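Report on one structure; see the data block that follows.
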Amino acid sequence: MLEPGDDAPQFSLPNQDGETVSLSNLPGEYTVVYFYPRADTPGCTTEACSFRDDWDAYEDAGVSVVGISDDPVEDLADFREKYDLPFDLLSDEDGEVAAAYDSYGEKNVFGNEVMGVFRNTFVVKDGEIVEVYEGVDPENHAEEILGDLGLN
315 MLEPGDDAPQ FSLPNQDGET VSLSNLPGEY TVVYFYPRAD TPGCTTEACS FRDDWDAYED
375 AGVSVVGISD DPVEDLADFR EKYDLPFDLL SDEDGEVAAA YDSYGEKNVF GNEVMGVFRN
435 TFVVKDGEIV EVYEGVDPEN HAEEILGDLG LN
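Residue numbers (this note's numbering): 315 to 466.
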């Protein structure tokens, strides 16, 4: 697993509108890169909405947030619109970026071994990972990050 102090793997991925978003071009002192398994499922919706609900604090502090899953762009567009999410959702359909962040691999889903995205989050500053959250609690995660960054 990547650790604080490691270089953040760079990426350029399509967002919900098909526009390319690169880690190196995101504004703000910090960038929250959160990986989630599937758009519009209970845990992933809870997590996305928690970032939405705390969005003013993130925006006021100049913190960028991006969510990454292996969903196609069209699903991300629907998910973002349905829940009025104010941040970009990025499509990593082949799982390469998630794998670079140690957030893609074999997991057990309802008793079946499948390949998929793990619910992990990384906070990046100046191209370096400064915080790592593995297997997060989707309900309180956005608030937890704000607290750890001293922003709430």
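We put the CB at the ideal spot given by N, CA and C, even for glycine. Here the structure is a predicted model, which means the values were calculated and not measured.
- Every alpha helix (DSSP H) stretch that sits fully inside the segment 384–456 and reaches 4 residues is listed by chain position as 387–396, 410–414.
- Counting C-beta atoms within 10 angstroms of its own C-beta, N466 has fewer than 16 neighbours from the protein chains shown and is therefore classed as exposed.
- In this structure V423 is exposed. Its beta-carbon is surrounded by fewer than 16 other beta-carbon atoms within 10 angstroms.
- The three-state secondary structure of F349, taken from DSSP, is strand.
- Distance from the Cα of Y397 is smallest, within the candidate group Y372, E361, A413, S336, for E361.
- By the criterion of a C-beta distance shorter than 6 Å, L403 is surrounded in its chain by Q330, G381, L390, R394, once the five residues flanking it on both sides are discounted.
- Burial state of T345 is buried, judged by a 10 Å Cβ sphere holding 16 or more other Cβ atoms.
- Cα atoms of V446 and L337: separation of roughly 16 Å, rounded to the nearest angstrom.
- As the crow flies, the alpha-carbon of G461 is around 11 Å from that of A371.
- Its chain contains V379, A456 as the residues whose beta carbon lies nearer than 6 Å to that of F365, once the 5 sequence neighbours on both sides are disregarded; these appear in chain order.
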